[in-house]
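I have placed the structure first, in the form of structure tokens, so that the comments after it can refer back to it.
Number of protein chains: 4
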Amino acid sequence: MENFTNNKRVLQEIYQIVALQENEGDIANYIPELAKVNPERFGVSFLSINNEEFGIGDWQTKFSIQSISKVLSLSLAYKIVGDKIWERVGVEPSGSAFNSLVQLETDNGIPRNPFINGGAMVICDVLISHLKNPINDFLDYVREISYCKDIYFSESVAKSEASAGYRNIALCNFIKSFGNIKNQPNEVLDFYFKMCSIEMSCQELTKTFLFLANSKFRTASGDIVLNLGQAKRINAIMQTCGFYDESGEFSFKVGLPGKSGVGGGIAALYPGKYCIAVWSPKLNKKGNSYRGMKFLELFTSETQLSIF
Amino acid sequence: MENFTNNKRVLQEIYQIVALQENEGDIANYIPELAKVNPERFGVSFLSINNEEFGIGDWQTKFSIQSISKVLSLSLAYKIVGDKIWERVGVEPSGSAFNSLVQLETDNGIPRNPFINGGAMVICDVLISHLKNPINDFLDYVREISYCKDIYFSESVAKSEASAGYRNIALCNFIKSFGNIKNQPNEVLDFYFKMCSIEMSCQELTKTFLFLANSKFRTASGDIVLNLGQAKRINAIMQTCGFYDESGEFSFKVGLPGKSGVGGGIAALYPGKYCIAVWSPKLNKKGNSYRGMKFLELFTSETQLSIF
Amino acid sequence: MENFTNNKRVLQEIYQIVALQENEGDIANYIPELAKVNPERFGVSFLSINNEEFGIGDWQTKFSIQSISKVLSLSLAYKIVGDKIWERVGVEPSGSAFNSLVQLETDNGIPRNPFINGGAMVICDVLISHLKNPINDFLDYVREISYCKDIYFSESVAKSEASAGYRNIALCNFIKSFGNIKNQPNEVLDFYFKMCSIEMSCQELTKTFLFLANSKFRTASGDIVLNLGQAKRINAIMQTCGFYDESGEFSFKVGLPGKSGVGGGIAALYPGKYCIAVWSPKLNKKGNSYRGMKFLELFTSETQLSIF
Amino acid sequence: MENFTNNKRVLQEIYQIVALQENEGDIANYIPELAKVNPERFGVSFLSINNEEFGIGDWQTKFSIQSISKVLSLSLAYKIVGDKIWERVGVEPSGSAFNSLVQLETDNGIPRNPFINGGAMVICDVLISHLKNPINDFLDYVREISYCKDIYFSESVAKSEASAGYRNIALCNFIKSFGNIKNQPNEVLDFYFKMCSIEMSCQELTKTFLFLANSKFRTASGDIVLNLGQAKRINAIMQTCGFYDESGEFSFKVGLPGKSGVGGGIAALYPGKYCIAVWSPKLNKKGNSYRGMKFLELFTSETQLSIF
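Protein chains in written order, with the numbering used here: chain A, 112 to 419; chain B, 112 to 419; chain C, 112 to 419; chain D, 112 to 419.
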């Protein structure tokens, strides 16, 4: 409780500091719909495993969570398929975007991890094979683990991504040519683009990620989502692969498992302690939220609440 | 104290379990001297930040620590040069060994992290530029932080590595061609091969790595080695890059910052809690100690002492 | 005339020799329709620029010319667009199939030459932009330059290729993502698969390629197809890029500009002298007709009719 | 004879045209000694297989032939070892400089062709294994085939290259690590740098390359150098691999087998007809003589003396 009071104070102070500094970077512009967002939006939400919650700024405004959703699809596929999933996707960082297609070639179509686009597509393919109404069943799963009913994807963003997604179409068909996509590429891409277009607020993100931070987490029906070992594994993958080319940098500066999206959101967590989500649309050169990275770096430095 | 008693029991049990299982893999054979080691050697050492120490098997037998020494050279270079060091070497995982030369090409001779061979050579180059008697001064530094006087490198192993090290010679000259090695490649390689030939026991390794686990660590002269932020950063790099192509796997299965060497040693640590070192010469396909990986996986699963 | 008598004799002799030797290699099996062809088919056609013609074996049986058609599409696009075409596709050999996607990445979507799949797709894209009824207009062009009316593509082969062509779909969308495909990838691929499914006999192939060997060639309407400089350029590209990974080997052993297809056909020519076409479905490891390569090597060695 | 008169006239005219145009590009500056050459030097030498000779400008001034020497070392190694040489070096174009190290990796240390640096080093290694006094014996061979006694290498250029040759040192050790260099890398590099530092005039170059153009060529002692098939093969490799990344472009624009060097020289030939050599030190972006390329393009266009 005392800690929470202190954390609240620190969150407020750092929010003020970052809000006053120049807001550098650019909004993702390759997805026309995303380019329409107000670049000055800035929100932070904090939720401890004891359900102490604190938010500031635009913490209750929904935005496109984009790649953050890949943690959720991974968790559902892992829950359904178990450790067999690692036969179709690796757990190693990918080095660099530049190499992704070469690596698929040398790795025979097995993406290096579930958070690079190719890996996320393989996970989507797994879900399509196991879910009756893939995108609806997936949304229901997210609603259940987050205790938030009001979760949808944006049709316009999904369409916008599909219309500009030639590189993703290339990637999906390339993996299919190795046999590591079982369904039709079009179906997989449709699910993938919709999943990436899910919209949540920072508050909803912290509630959604709580099951990875709190080993005692139960859904409303009393079920656990993943067992402790499984949650630990997903956290480990977020730690090493959650921030594209900047995963090492994030690990180095922030020291928390987390995942970013090109919508400007970041969700991170301290196992056994708390979840935190930040949203600010301008991205640094590596494609991660400029203010989000800055905020989290200052926060873990100040509170010493890093895992290292 | 109670914890320590429990940890001791777990260490003993797991040692017995792993020792009874088949000892798979192969000794590193590309360095003739290393191929002479008895493959059945197996030792474990545990040291808490409260100096509770426990060892089992060949925990006091010296072996070639090889790449584990890269953490030590990095720590000294970081201490001397500070954050400027990141201008010459990155902090991102490298993806795969396969790509190392291509990545140097696209990254203009900046190795992706200080633990891949090229990165360690740049660190050696930094040390040569700042130390009067590079290898001796470096050994003195290791003796000081470990409180162990009896630390040397093996001339025969260093020579053995140099004689077979065409690929490392290639790598060093390649980086030199980009201007990111300042001294003569021959000097850098000489230091590099000697540094990798340092010999320690598991016991000595845990004592040497304690400064990264214990924020209150002081040398005999009362000095701190690195400040808290610096130690945190090195731990983060070990977490993401410490096990070659298997860093994600290690992060995923063991969940501790650590570093392996082809001599069969692994040093790992839990920040704020303990150091642990394991030695068993047979290596898995990724070049990490087969029994070492197994032991640590069982240990963190059993004790829940992982950072995730 | 005397030469022709001699060439006829040599062609007959070499045909007998090659027909008696073991027929090694495998039929292309990734396109289901192609796998149905009788592997023992073997035909040769020779046509001098003085219209002296000689054929042997299955020289009048139609087969799927596959990539040989890329020379024809290039010639039409070059005729229409002129030297501007080299802004969108290079003239350098590609090194190896392995690198094709990496090279597209480093070359910003400009394929290295018009005969690798990506380059041929860019040429198809150019044709679609300039032809009213792309595939029909293209067939009319081929009929005109060959003086052969009976030229069609196989719907079943085109469908068979499309159904298994995930890698080509990937490639086309990848180039589109760089902006070097102007039309929709689906349209480009449709044209590409149909063009590759054109069927000709060896006899028709030599008649079709005559315009590249004979500087005085005219169509029925009295038009030239390409000017001398343009024909020389296409011949040069065939010389350096016509045989995938085996272009150097072909240049080295046969020494003629030529182009192969996975249907087992090869068309080659000696500028100012003759055209020659060979068909035998079994392919060597590099994807070129085993007997076709052998036949041409023996033929140019025996007649000294190589350009080197 | 009549032809020769015409060729002479064309050579003179084109020389005037090119000499009057702007002299673009840069002198090779990575080798300090080469940077000292007067950039306005410009010479051309022509020699028919009937020994009709014509020169213009600085055609009798010696310059550093650099990579042109790789054709000579290849011819000697091929003469000594025969077709076995192709087990250690390929005959395929390399695609691009960029990929050279990756290709060595995927090709297990077999360079793609004898004209890329790695391939030329393997050829040097072969020569060292077979010659008593490698560099002297090699110079004697060149003197014999050229009927020119006054052929030496420049010690200062060789030293200059060695001192800046980190990338070449890297390359040689990398190939050694695959076992495809048999002698010590230092010895191979010493021979390689000296061989590249041979100095010749345009006149001497045409005399030296005559044995590849004239199938009746004999040395003073009456010996043939290579048999017809061997000469044809070397010509074919020059055609596909002689101009680095610009081999396709050269084939396309000039249409002759040839080889360039960063000293600004180009030697080319028309089998059965003539040799031609051009020298102008300024290089285009691909590292080939700017004026040399221009001159040869105009010459073969004007005379129609291209092989295509």
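We put the beta carbon where it would ideally sit given N, CA and C, even for glycine.
Requested in this report: Express the C-alpha separation of isoleucine 335/C and isoleucine 256/C in angstroms, rounding to a whole number.
Outcome: If you number the third sequence from 1, residue 256/C lands on position 145. If you number the third sequence from 1, residue 335/C lands on position 224. Approximately 9 Å, taken between the alpha carbons.
Query raised in the report: Does DSSP put tryptophan 390/D in a helix, a strand or coil?
Result: As a working mapping, residue 390/D is identified with position 279 in the fourth sequence. The answer is strand: DSSP assigns tryptophan 390/D an E or B state.
Query raised in the report: Using a C-beta to C-beta distance shorter than 9 Å, which residues of chain B count as neighbours of glutamate 198/A?
Result: Against the first sequence, residue 198/A aligns to sequence position 87. Result: empty, since nearest Cβ-Cβ is about 14 Å, beyond 9 Å.
Query - Short Cβ contact (9 Å threshold) for threonine 351/D with tyrosine 258/D - result: If you number the fourth sequence from 1, residue 351/D lands on position 240. If you number the fourth sequence from 1, residue 258/D lands on position 147. No.
Requested in this report: Give me the Cα-Cα distance between phenylalanine 209/C and glutamate 216/A, rounded to the nearest whole angstrom.
Outcome: Along the third sequence, read from residue 1 onward, the residue named residue 209/C stands at position 98. Along the first sequence, read from residue 1 onward, the residue named residue 216/A stands at position 105. Legend: pLDDT at phenylalanine 209/C = 47, less than 50; position of this residue unreliable, value from coordinates given subsequently. Each residue's alpha carbon lies about 8 Å from the other.
Query raised in the report: Mapping DSSP to helix, strand and coil, what is lysine 384/C?
Result: The residue given as residue 384/C occupies position 273 in the third sequence. DSSP places lysine 384/C in coil when its eight states are reduced to three.
Report task. Have a look at asparagine 219/B and arginine 199/B and give me their C-alpha separation to the nearest angstrom. Result -> In the second sequence, residue 219/B corresponds to position 108, counting from 1. In the second sequence, residue 199/B corresponds to position 88, counting from 1. Cα-Cα distance, rounded: 10 Å.
Requested in this report: Could you tell me whether the segment 182–193 of chain B touches the segment 351–363 of chain A, using the rule of 3 or more Cβ pairs below 8 Å?
Outcome: These segments do not touch.
Query raised in the report: Whose CA, out of Ser362/D, Met349/D, Lys260/D, Ile196/D, lies closest to the CA of leucine 323/D?
Result: As a first step, residue 323/D must be located in the fourth sequence, where it is residue number 212. Per the Cα distances, Met349/D.
**Report entry** proline 392/A and isoleucine 138/A closer than 9 Å at C-beta
**Finding:** Walking along the first sequence from the start, residue 392/A turns up at place 281. Walking along the first sequence from the start, residue 138/A turns up at place 27. Yes, the pair counts as a contact, with Cβ atoms nearer than the cut-off.
Query raised in the report: Buried or exposed: isoleucine 128/B, going by 16 or more other Cβ atoms within 10 Å of its Cβ?
Result: Against the second sequence, residue 128/B aligns to sequence position 17. Isoleucine 128/B comes out exposed.
Report task. Please compile the residues from chain D whose C-beta is within a distance smaller than 8 Å of the C-beta of arginine 278/B. Result -> Start at 1 with the first residue of the second sequence, and residue 278/B comes out as number 167. Within chain D, the residues Asn284, Phe285, Ser288 have their CB atoms less than 8 Å from the CB of arginine 278/B, given in chain order.
Query - Nearest candidate by alpha-carbon position, reference leucine 183/C, set Ala378/C, Ser412/C, Glu135/C - result: Start at 1 with the first residue of the third sequence, and residue 183/C comes out as number 72. Closest in C-alpha terms to leucine 183/C, from the list Ala378/C, Ser412/C, Glu135/C, comes Ala378/C.
**Report entry** Residues near aspartate 169/A by beta carbon distance below 7 Å, same chain, minus five either side
**Finding:** Position 58 of the first sequence, counting from 1, holds the residue named residue 169/A. So the list reads Arg152, Phe153, Gly154, Trp390, once near-sequence residues are dropped.
Query raised in the report: Among Arg223/D, Gly229/D, Ala342/D, Tyr263/D, which residue has its Cα nearest to the Cα of alanine 281/D?
Result: Mapped onto the fourth sequence, residue 281/D falls at position 170. Out of Arg223/D, Gly229/D, Ala342/D, Tyr263/D, Gly229/D has the C-alpha closest to the C-alpha of alanine 281/D.
Requested in this report: State buried or exposed for isoleucine 244/B, treating a residue as buried only when at least 16 other CB atoms are found within 10 Å of its CB.
Outcome: Numbered from its first residue, the second sequence carries residue 244/B at position 133. Before going further, note that residue 244/B is asparagine rather than isoleucine in the sequence given. Burial is judged here by how many other beta carbons sit within 10 angstroms of a residue's own beta carbon; asparagine 244/B has fewer than 16 and is exposed.
Query raised in the report: For chain D, is any of its Cβ atoms less than 9 Å away from the one on alanine 281/B?
Result: Taking the first residue of the second sequence as 1, we reach residue 281/B at position 170. For alanine 281/B, the closest Cβ of chain D is nearer than 9 Å.
Query - Same chain, Cβ closer than 6 Å to glutamate 135/B, five either side skipped, listed in chain order - result: Counting from 1 along the second sequence, the entry for residue 135/B is found at position 24. Non-local beta-carbon contacts of glutamate 135/B in its own chain, meaning distances under 6 Å to residues more than five positions away in sequence, involve Tyr401 in chain order.
Query - Contacting residues, own chain, Cβ-Cβ under 6 Å from tyrosine 303/A (five flanking each side not counted) - result: Here the question's residue 303/A lines up with position 192 in the first sequence. For tyrosine 303/A, same chain residues with a beta-carbon under 6 Å away, outside a window of 5 residues either side, are Met232, Cys235 in chain order.
Report task. Identify, in the order they occur along the chain, each residue of the same chain with its Cβ nearer than 6 Å to the Cβ of serine 371/B, setting aside the five sequence neighbours on each side. Result -> Here residue 371/B corresponds to residue number 260 of the second sequence, with the count starting at 1. Its chain contains Phe354, Ile377, Asn399 as the residues whose beta carbon lies nearer than 6 Å to that of serine 371/B, once the 5 sequence neighbours on both sides are disregarded; these appear in chain order.
**Report entry** Opening and closing residue of the alpha helix (DSSP H) in which phenylalanine 153/B lies
**Finding:** Residue numbering aside, residue 153/B sits at position 42 when the second sequence is read from its first letter. Segment: none, phenylalanine 153/B is in no alpha helix (DSSP H) and carries neither H nor E.
Query - Integer Cβ distance of tyrosine 277/A from serine 308/C, believed to fall under 8 Å - result: Translated into the one-based positions of the first sequence, residue 277/A becomes position 166. Translated into the one-based positions of the third sequence, residue 308/C becomes position 197. Not a contact, Cβ separation roughly 25 Å.
Query raised in the report: Under a CB-based cut-off of 9 Å, is leucine 212/D close to chain B?
Result: Stepping through the fourth sequence from its first residue, residue 212/D is reached at position 101. Using a Cβ-Cβ cut-off of 9 Å, leucine 212/D counts as an interface residue toward chain B, since at least one Cβ of chain B sits closer than that to its own.
Query - Segment limits, alpha helix (DSSP H) that includes glycine 340/C - result: Position 229 of the third sequence, counted from the first residue, corresponds to residue 340/C. Glycine 340/C -> alpha helix (DSSP H) spans 339–352.
Report task. If I'm right that serine 240/B touches asparagine 224/B with Cβ under 8 Å, what's the distance once you round it to whole angstroms? Result -> The count along the second sequence starts at 1 and reaches residue 240/B at position 129. The count along the second sequence starts at 1 and reaches residue 224/B at position 113. Incorrect: roughly 20 Å between the Cβ atoms, too far for contact.
**Report entry** Given leucine 407/B as reference, the closest of Tyr381/B, Lys396/B, Ser312/B once Cα atoms are compared
**Finding:** On the second sequence, residue 407/B is found 296 positions in, with the first residue counted as 1. Of the listed residues, the one whose Cα sits closest to leucine 407/B is Tyr381/B.
Requested in this report: With distances taken Cα to Cα, identify the nearest neighbour of lysine 343/B among Gln214/A, Phe361/A, Trp197/A, Val148/A.
Outcome: Here the question's residue 343/B lines up with position 232 in the second sequence. Among Gln214/A, Phe361/A, Trp197/A, Val148/A, the Cα nearest to that of lysine 343/B is on Phe361/A.
**Report entry** Local conformation of alanine 139/B per DSSP, three classes
**Finding:** Within the second sequence, the letter at position 28 stands for residue 139/B. In the structure shown, alanine 139/B sits in coil (DSSP, three-state: anything other than H, G, I, E or B).
Query raised in the report: Taking the continuous beta strand (DSSP E) assigned at serine 371/B, which residues delimit it?
Result: In the second sequence, the residue the question calls residue 371/B occupies position 260. Here the beta strand (DSSP E) through serine 371/B covers 369–371.
Query raised in the report: Alpha carbon to alpha carbon, what distance is there between isoleucine 345/B and proline 71/B?
Result: Since the displayed chain B opens at 112 and closes at 419, residue 71/B lies outside it and no answer follows.
Requested in this report: Could you list which residues in chain A have their beta carbon closer than 8 Å to that of asparagine 224/B, in chain order?
Outcome: Within the second sequence, the letter at position 113 stands for residue 224/B. By Cβ distance, chain A contributes Gly359.
Query - C-alpha gap between leucine 300/A and alanine 347/A, whole angstroms - result: Here residue 300/A corresponds to residue number 189 of the first sequence, with the count starting at 1. Here residue 347/A corresponds to residue number 236 of the first sequence, with the count starting at 1. Between the alpha carbons of leucine 300/A and alanine 347/A lies a distance of about 27 Å.
Report task. Mind listing the chain B neighbours of valine 202/A? Cutoff is C-beta to C-beta under 7 Å, in chain order. Result -> Here residue 202/A refers to the residue found at position 91 when the first sequence is read from its first residue. Chain B residues near valine 202/A: Gly359, Glu360, Phe363.
**Report entry** Proximal residues to lysine 405/A (C-beta, below 8 Å), its chain only, five neighbours per side dropped
**Finding:** Looking up residue 405/A in the first sequence gives position 294. Shown here for lysine 405/A: same chain residues with a beta carbon closer than 8 Å to its own, the five before and five after excluded, namely Val129, Gln132 in chain order.
Query raised in the report: DSSP on glutamate 360/D, reduced to helix/strand/coil?
Result: In the fourth sequence, counting from the first residue as 1, residue 360/D sits at position 249. Reduced to three states, the DSSP call for glutamate 360/D is helix.
Query raised in the report: Under the DSSP definition of a beta bridge, which residues are partnered with tyrosine 263/B?
Result: Within the second sequence, the letter at position 152 stands for residue 263/B. According to DSSP, which records beta bridges pairwise, tyrosine 263/B is partnered with Glu310/B.
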